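From first to last, the protein sequence lines are chains A and B.
First residue of the first sequence? That's 13 in my numbering, and the numbers climb one at a time after it.
First residue of the second sequence? That's 13 in my numbering, and the numbers climb one at a time after it.
Shown next, in C-alpha cells, is the structure this report addresses.
2 protein chains.
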Amino acid sequence: MELKSYKMIISYVGTEYCGWQVQAGVATVQGIIENLLSRTFDKRIILRYASRTDSGVHALGQVAGFTCESKFTAMEIQRILNTQLPQDIAIKAVEEVDPEFDPRKAKRKTYFYLIDNGEIRDPFKINRAWWTRHRLNKSNMLAALEYFKGKKDFIAFMGSGSGAKTTIREIYDISVFEKGDVMKISFTGNGFLKQMIRNIVGTVVEIGKGRFKPEDVEKMLKSRDRRTAGITAPAYGLYLERIYYE
Amino acid sequence: MELKSYKMIISYVGTEYCGWQVQAGVATVQGIIENLLSRTFDKRIILRYASRTDSGVHALGQVAGFTCESKFTAMEIQRILNTQLPQDIAIKAVEEVDPEFDPRKAKRKTYFYLIDNGEIRDPFKINRAWWTRHRLNKSNMLAALEYFKGKKDFIAFMGSGSGAKTTIREIYDISVFEKGDVMKISFTGNGFLKQMIRNIVGTVVEIGKGRFKPEDVEKMLKSRDRRTAGITAPAYGLYLERIYYE
Numbered sequence: 013m014e015l016k017s018y019k020m021i022i023s024y025v026g027t028e029y030c031g032w033q034v035q036a037g038v039a040t041v042q043g044i045i046e047n048l049l050s051r052t053f054d055k056r057i058i059l060r061y062a063s064r065t066d067s068g069v070h071a072l073g074q075v076a077g078f079t080c081e082s083k084f085t086a087m088e089i090q091r092i093l094n095t096q097l098p099q100d101i102a103i104k105a106v107e108e109v110d111p112e113f114d115p116r117k118a119k120r121k122t123y124f125y126l127i128d129n130g131e132i133r134d135p136f137k138i139n140r141a142w143w144t145r146h147r148l149n150k151s152n153m154l155a156a157l158e159y160f161k162g163k164k165d166f167i168a169f170m171g172s173g174s175g176a177k178t179t180i181r182e183i184y185d186i187s188v189f190e191k192g193d194v195m196k197i198s199f200t201g202n203g204f205l206k207q208m209i210r211n212i213v214g215t216v217v218e219i220g221k222g223r224f225k226p227e228d229v230e231k232m233l234k235s236r237d238r239r240t241a242g243i244t245a246p247a248y249g250l251y252l253e254r255i256y257y258e
Numbered sequence: 013m014e015l016k017s018y019k020m021i022i023s024y025v026g027t028e029y030c031g032w033q034v035q036a037g038v039a040t041v042q043g044i045i046e047n048l049l050s051r052t053f054d055k056r057i058i059l060r061y062a063s064r065t066d067s068g069v070h071a072l073g074q075v076a077g078f079t080c081e082s083k084f085t086a087m088e089i090q091r092i093l094n095t096q097l098p099q100d101i102a103i104k105a106v107e108e109v110d111p112e113f114d115p116r117k118a119k120r121k122t123y124f125y126l127i128d129n130g131e132i133r134d135p136f137k138i139n140r141a142w143w144t145r146h147r148l149n150k151s152n153m154l155a156a157l158e159y160f161k162g163k164k165d166f167i168a169f170m171g172s173g174s175g176a177k178t179t180i181r182e183i184y185d186i187s188v189f190e191k192g193d194v195m196k197i198s199f200t201g202n203g204f205l206k207q208m209i210r211n212i213v214g215t216v217v218e219i220g221k222g223r224f225k226p227e228d229v230e231k232m233l234k235s236r237d238r239r240t241a242g243i244t245a246p247a248y249g250l251y252l253e254r255i256y257y258e
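And the structure:
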C-alpha cells in the first residue's frame, strides 16, 4: 500500500463537545475523528490540526491532516467518515496532499463572532450567538475595533494557561456585518492567542455598553495586564471560519 | 381587578417538545406556557391558540391568547414569561386585545419548509432543515407546486387521525426561495389539514427525485386517497411563520 497524506476541512457545532483537542474521558471532535480513522485503518491515527478550538466554539472550516498507508481515495475517506460521524460534525472536503503539508503552518486564519442584539431572545440562536439585550453603541464598538488591527502584543487579551512562545500577533482585518439584530465581527490574522477573540469581543461589547471608551483599548494593550481589559465573551458565539495556507 | 384579554406571539424551536398542544406526561409548548401563567395568576389559565404544531415543528409566530382578571400590562406579561421560559421558547410580543379576539379565527396562515440540498450534510442544520442529498430537479418541483394552489379537497394529503370537519382548504400562495443549498418553500392559505404541508413537501421532493411527474399531483388530489401521494417530510423542516387576522 501507498503512503498517503490527506487534508480535511471539518465543520462542527461545538455545543456538545469539550472542544477540539483530545482529552481523556470527555467527548472532543478530534477524539471522535481519530477513533473513526483508527478503526478504518486498524492502527492508531493521530491528527495534525490548525486550531485548538475551546469547548463550545464552532467551526465551519477547521483543517486537520494525517499520513498513513492507505488504499482509499480522498473521496472514500470523506464518505467513510461522514456516514459514521455524529450529525453535528461533517467533513466538508478531503484532498490528498504532499506529505510535507502541515495544518499548523497556516498563513492566515479567519474567525467570526455573532452578537444578537435583539430586544427579545431568539430561540433559534441558543448556543449560536451571544444575546446581549443592552442597546449597544455601535459606532463606539467600531472605533474600538480599529485599535486591535495590526501587529501588537496581545498579552492583555490572552486567557491564562496558554503556552504561547510569543504574545505578538498580527490582525490583518476586522470587518463588521449586520443582518437584522445580529452583528457579525470577523477577524483575520496570522494567529490568535488563547481566548484572544473572546476577550476582544467581551471588551468591545462592554465599550458598546459604555463601561469603557474606545480609546481605552490602547491603554489596555499597553498595560500588558489581562485585568485591565473587559470580560470574556461566551464560547458559543465564536466560529472558526477558514484557515489559509501558502 | 380588571378582566383583560391578551394576544401573544410565540417563537419556539420544536425539537425538544412533543408539539404545541398540552398532553399528559410530556413536555409541550402550550403546557409550559400555561403552567407559568397559572402560577403567575394563581389560577388555572387555558390558552386559545391558532395552530396545533406537531412534535418537532418550529414556530416563529404562533398566536395564543387568554382572558383573566389581571393587574399586569401586556409588557409585564411578556417580561414575566420571557424571564422564566426555557431558552428555546420566547414570547415575541404581547398586546391587550378585545375579549372577542379568538386566535383560532385566523384569516390566513403562512408556514415554510426548509430543504437542504447540499452535497454534504450541514451540522448547523440538524433538526432545522430536511437534508436530502439526492440532486433535485427544481423545475419539476416548481411545476408540481403549481397544482396545489387554489381551493381544493386536500384529503389525499391529510395525515390520519384528523378530526377536520371538511378537507377543503384554499392555498393562496406558494413561493420558493433559494439561498445557497437551502430551498425554502412558503405556503399561505386559509388553513392546513393535519400534516398537509409535510405531505405536500414529501411528494414534491419525490417529484424532484423523479419518482413521480409534476402532473401526477392532479391524479393524487382527485384520488382522495393518501396512498397515492408521496412520503411525509420530517417535522423538523417545518416552521409556522405567521398567522393573519382581519
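Even for Gly, the Cβ is constructed at its ideal location relative to N, Cα and C.
Since this is a predicted model, take the numbers as computed values, not measurements.
Out of Leu-154/A, Ile-132/A and Arg-223/A, state which residue places its alpha-carbon closest to the alpha-carbon of Gln-90/B.
Ile-132/A
Amino acids of chain A, ordered along the chain, whose beta-carbon sits closer than 7 Å to that of Phe-124/B:
Simply none; closest approach about 13 Å.
If the criterion is Cβ atoms closer than 7 Å, does the pair Thr-200/B and Arg-120/B meet it?
For Thr-200/B and Arg-120/B, yes; Cβs fall inside 7 Å.
Under a Cβ-count criterion, where at least 16 other Cβ atoms within 10 Å of its own Cβ denotes burial, should Glu-10/B be classed as buried or exposed?
With chain B covering only 13 through 258, there is no way to say anything about residue 10/B.
Spatial neighbours of Glu-14/B in its chain, beta-carbon cut-off 8 Å, leaving aside the 5 residues before and after:
Glu-81, Ser-82 and Lys-83
Other residues of its chain near Asn-139/A: CB distance less than 7 Å, five sequence neighbours each side excluded:
Thr-27 and Tyr-248
Under 7 Å between the Cβ atoms of Ile-21/B and Lys-104/B?
It is a contact, given that the beta carbons lie within the stated cut-off.
Members of the segment 89 to 101 of chain B that neighbour chain A once the beta carbon cut-off is set at 7 Å
Asn-94, Gln-99, Asp-100 and Ile-101
Looking only at its own chain, which residues have a Cβ that is under 8 Å from the Cβ of Arg-223/A, when we skip the five neighbours before and after it?
If the five residues before and after Arg-223/A are omitted, its C-beta is found closer than 8 Å to the C-beta atoms of Gly-242, all from its own chain and listed in chain order.
Helix, strand or coil for Val-109/A? Go by DSSP, reduced to three states.
strand
Run through DSSP, which three-state label would Leu-59/A get?
coil
Neighbourhood of Val-213/B by C-beta distance below 6 Å, restricted to the same chain and skipping five residues each side:
Tyr-125 and Ala-245
Looking only at its own chain, which residues have a Cβ that is under 6 Å from the Cβ of Pro-111/A, when we skip the five neighbours before and after it?
Ser-17 and Thr-79
Drop a sphere of 10 angstroms on the beta-carbon of Thr-40/A, count the other beta-carbons inside from all chains shown, and report buried for 16 or more, exposed for fewer.
buried
Along chain B, in chain order, which residues have C-beta atoms closer than 8 Å to that of Lys-104/A?
Ile-132
List the whole-angstrom C-beta distance separating Tyr-123/A from Tyr-251/A, where the pair is believed to meet the contact cut-off of C-beta under 8 Å.
6 Å
So, helix, strand or coil for Ile-117/A, using DSSP?
In the sequence as displayed, the identity of residue 117/A is Lys instead of Ile. Correct three-state label for Lys-117/A: coil.
Roughly how many angstroms lie between the CA atoms of Trp-10/A and Ile-127/A, to the nearest whole one?
Given a span of 13 to 258 for chain A in the structure shown, any question on residue 10/A remains unanswerable.
Measure the beta-carbon distance from Asp-165/A to Arg-236/A and round it to whole angstroms, keeping in mind my assumption that it falls under 8 Å.
7 Å
Taking one C-beta from the segment 190 to 204 of chain A and one from the segment 174 to 182 of chain A each time, how about it: are there three or more such pairs within less than 8 Å?
yes
Tell me where the alpha helix (DSSP H) around Gly-220/B begins and ends.
208 to 220
Within 7 Å of any Cβ in chain B, is that where the Cβ of Tyr-18/A sits?
For Tyr-18/A, no CB of chain B lies under 7 Å from its own CB, so it is not counted at the interface with that chain.
Indicate whether at least one CB of chain A lies closer than 7 Å to the CB of Tyr-29/B.
So no, Tyr-29/B is outside the interface.
In this structure, what does DSSP give as the bridge partners for Ser-187/A?
Ser-198/A
For Gly-43/A, I'd like the list of residues in its chain whose CB is within less than 6 Å of its CB, leaving aside the five on either flank, ordered along the chain.
Only Val-34 meet the Cβ criterion.
Interface residues of chain A facing Ile-138/B [CB-CB closer than 8 Å]:
Val-25, Gln-99 and Asp-100
Between which residues of its own chain and Val-109/B is the CB-CB distance below 8 Å, once the five residues before and five after are set aside?
Ser-17, Tyr-18, Lys-19 and Gly-77
Using the beta-carbon of each residue, which ones in chain A are nearer than 7 Å to Pro-135/B?
Ser-23, Tyr-24, Val-25, Gln-99, Asp-100, Ile-101 and Ala-102
For my contact list, Tyr-180/A and Lys-196/A are in at a C-beta cut-off of 8 Å; report their separation, rounded to the angstrom.
Residue identity check: residue 180/A is Ile in the sequence provided, not Tyr. Ile-180/A to Lys-196/A, Cβ: 26 Å. No contact.
Could you tell me the boundaries of the beta strand (DSSP E) in which Thr-79/A lies?
70 to 82
Rounded distance between the beta-carbons of His-70/A and Val-25/A, thought under 8 Å
6 Å
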